Every structure is written in structure tokens, then in C-alpha cells.
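Student: Supplied in C-alpha cells, the structure appears directly below.
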Amino acid sequence: MVRRMFRKCFDRRALSPVIASLIMASVVIALSFTVLAWAQFRTSDYAETYGETTDAEIARLKERLTVEYIFYNGSSGDISIYLLNSGTIGNVTIESVRVQNGMEPMFFDGVDIPDHDLGIGETVYLSLPCGALTTGNYFVSILTDRGSLFYAGFDVA
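Using the working numbering, the letters of the sequence shown map in sequence onto residues 124 to 280.
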């Protein structure tokens, strides 16, 4: 009788498959929760990135700059540009201005605007020193900080 009790208490063959199944199930459950947490993090990250990209594109589409007037002063070598923010979004900042006549372009980066941004309906005057220009057609490209490009042309006689 003592022998039978001793054998039942210390016989590990019946406990090994049960313990192995419990360990396997707990590992699977732990991994599934880890994958679920990672998937939720990535989904929220993708949703946030998508929202920021969409908002930036909508803001870019709302930008409208109208070139009211371009004048080249041959005596001083300056180009005067009058711009109007005719869009439905404010805080339009000019990143760079490019003047080109089909030959090599001239760049004017970091153009100074008095209050550093154009509000809705606001007009700004830019004076760009460019030196002597030859006779012909010239094109002005204005790049904003949101990535919008606006074009205008003028003639030098």
C-alpha cells in the first residue's frame, strides 16, 4: 500500500502533458496579447500620420497667391512684386522666389516679408535685387513653405 501511494505521488508521467499544455497555452496567449498591442500601436500611428498628411494637403490646396503686379526697374536692377493672399487660409510664408528667362535661373531664398506671413486678404510687396536683365520674357516662380508653386510672367524691354 505504501508502495502504491509512493508511486502515485512521484509518478510524473501523467503531469508532464498537462503542464506542457498549460505552458504552451500561456505562451500563445502572451504572444497574442503582444501582437495585439503592437497592431493597435501601429494602427494608431498610421491613423495619426494619415490625418497629419491629409490636413497638410488640404491647407496646401487652400493656398492662393495672386501676383497683382511685377515691375522691373532697370536703373536700380530691382524687381518689385506685389502679392495678394486670395486663398482661404492664412499664415502663408514664402520659401523662395525664382526668376528665369529660359537661360540660367536666379534664386532668391528666404525672401523677407515684413510680418513673416500673409494673412487672408493681405497684400505684400517684395523687392528683389537681381542686377541688370537683358531684354525678353521672364518668369517668376514663388514657392511657399507648404509646397505650393505660383507662377507669373513679365517682360523686360
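Glycine residues also receive a C-beta, built at the ideal position from the N, C-alpha and C atoms. Bear in mind the structure is a predicted one, so any value in this text is a computation, not a measurement.
1. Give the C-beta separation of Asn196 and Ser203 to the nearest angstrom, bearing in mind that I take them to be a contact with Cβ-Cβ under 8 Å.
2. Return the first residue and the last residue of the beta strand (DSSP E) that Leu188 is part of.
3. Is it right to say Thr176 is buried, meaning 16 or more other beta carbons lie within 10 angstroms of its own, or is it exposed?
4. Can you name, in chain order, every residue of its own chain whose Cβ lies under 7 Å from the Cβ of Leu256, other than the five neighbours on each side?
5. Look up Arg183 in the DSSP assignment and say whether it is helix, strand or coil.
6. Could you pull the start and end residues of the beta strand (DSSP E) that Gly276 belongs to?
Tutor: If we stick to the structure as given:
1. About 7 Å separates the beta carbon of Asn196 from that of Ser203, a gap short enough to meet the 8 Å contact definition.
2. Counting along the chain, the unbroken beta strand (DSSP E) around Leu188 starts and ends at 188 to 196.
3. Under a 10 Å Cβ-count criterion, Thr176 is classified as exposed, with fewer than 16 other Cβ atoms of the shown protein chains found around its own Cβ.
4. Tyr195, Val279.
5. Looking at Arg183 - three-state DSSP - the assignment turns out to be helix.
6. Per DSSP, Gly276 belongs to the beta strand (DSSP E) from 272 to 279.
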